[in-house]
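First up is the structure itself, then whatever we jot down about it.
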Amino acid sequence: MSQSYLSQDLYTVVSQSEEEVVIRLSDASHPIFKAHFEGMPLLPGFLQIDIIAEVLEKEIDAITSAKFVQKVLPDERLRYIIAPTKSGVRVKLSNAQGELCGDFKLKWRER
Amino acid sequence: MGDHDELLSYLPQKAPVGFVTKVLISDEHLSRTVVEFGDVPTLPMLSEAGAQTSIFLRLTEEKKAADVPIRAMGMLVSVKSKWLQRSKKKQFEVESRYVNNLDSFFVVDFTVYDGEEVIAEGQVAAVLERNGVSL
Chain Z
1 MSQSYLSQDL YTVVSQSEEE VVIRLSDASH PIFKAHFEGM PLLPGFLQID IIAEVLEKEI
61 DAITSAKFVQ KVLPDERLRY IIAPTKSGVR VKLSNAQGEL CGDFKLKWRE R
Chain F
112 MGDHDELLSY LPQKAPVGFV TKVLISDEHL SRTVVEFGDV PTLPMLSEAG AQTSIFLRLT
172 EEKKAADVPI RAMGMLVSVK SKWLQRSKKK QFEVESRYVN NLDSFFVVDF TVYDGEEVIA
232 EGQVAAVLER NGVSL
């Protein structure tokens, strides 16, 4: 897995399979958290999607829908659950408290 | 709206996630920017560029009616987008167009151009902070 220039050192993979990926985010000193936003560090929504594609070495062709329902903070342990659908995959992202943070319907292919 | 270079200071996303490098158009219901990336962008990165371009929509009447400050912070709540044509470039122009809003919930379409070619398009929705209510 190669990390992009934005996600370098942003997270570490705790566990990984095709159906479930667990990561831990870096602390608030990472440049992404300093930039988004100053004084209010949050993981940008686009990186919530890019990270799972990166870990599973997929390339996204379409975001059929992506809903961001909970702020994602530095140091958080995040769990992605990936399930196939008729037209692609559905990825649910939750935090350590089990709260849903994002719900993404994607079309992707192998890199 | 005033000087377009000055407008960039209103972009809350800073480098390396502030992708807008120049504001070309900042009208009531249409905005257009130049966006740049450190590498060939992914579709989520282009979608974020669409959301950032929408920050330069003026929406004077809509924001006033919704009790939203002119320079309101917004939280992205949904995205849909697709590639129309792949590009390996790192600089593009992005156009955003106001679609509608319900109070402080705003929907905007965006189109990504590589020269004359449309390479991606989509829609973003964001909730903007209201006067006296921060996000």
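Residue numbers (this note's numbering), protein chains in the order written: chain Z, 1 to 111; chain F, 112 to 246. Built from N, CA and C at the ideal position, the CB exists for glycine as well. What you are looking at is a predicted structure, and each value in this text was computed from that prediction instead of being measured.
- For Z:Tyr5, a Cβ of chain F is located within less than 8 angstroms of the residue's own Cβ.
- Between the alpha carbons of Z:Asp103 and F:Val179 lies a distance of about 27 angstroms.
- Counting only residues of its own chain and dropping the five nearest sequence neighbours on each side, F:Ala177 has a CB closer than 6 angstroms to the CB of Asp214 and Ser215.
- Beta-bridge annotation (DSSP): Z:Ile23 is paired with Z:Val13 and Z:Leu78.
- F:Val128 and Z:Ile32 do touch by the CB rule: their CB atoms are close to 6 angstroms apart, below 8 angstroms.
- Here the C-alpha atom of F:Leu239 lies approximately 33 angstroms from the C-alpha atom of Z:Glu20.
- Of the residues assessed, Z:Asp50 falls on the buried side of the cut-off, its CB having 16 or more other CB atoms within 10 angstroms.
- For Z:Gly45, a Cβ of chain F is located within less than 8 angstroms of the residue's own Cβ.
- For Z:Pro74 against Z:Asp27, the beta-carbon gap comes to about 5 angstroms, under 8 angstroms, which counts as contact.
- Closer than 8 angstroms to the CB of Z:Ser87 there is not a single CB belonging to chain F.
- Selection F:Lys125, F:Arg208 and F:Arg169 evaluated against F:Phe148 yields F:Lys125 as nearest (Cα-Cα).
- Z:Leu10 and Z:Gln48 have their C-alpha atoms some 11 angstroms from each other.
- Counting C-beta atoms within 10 angstroms of its own C-beta, Z:His36 has 16 or more neighbours from the protein chains shown and is therefore classed as buried.
- Annotated three-state conformation of F:Lys133 is strand, per DSSP.
- Taking the beta carbon of Z:Asp61 as reference, the chain F residues within 8 angstroms of it are Leu154, Lys193 and Trp194, listed in sequence order.
- With a beta-carbon spacing of about 4 angstroms, Z:Lys107 and Z:Ala62 fall inside the 8 angstroms limit used to define contacts.
- Going by beta carbons, F:Leu168 and F:Ser198 fall outside the 8 angstroms limit.
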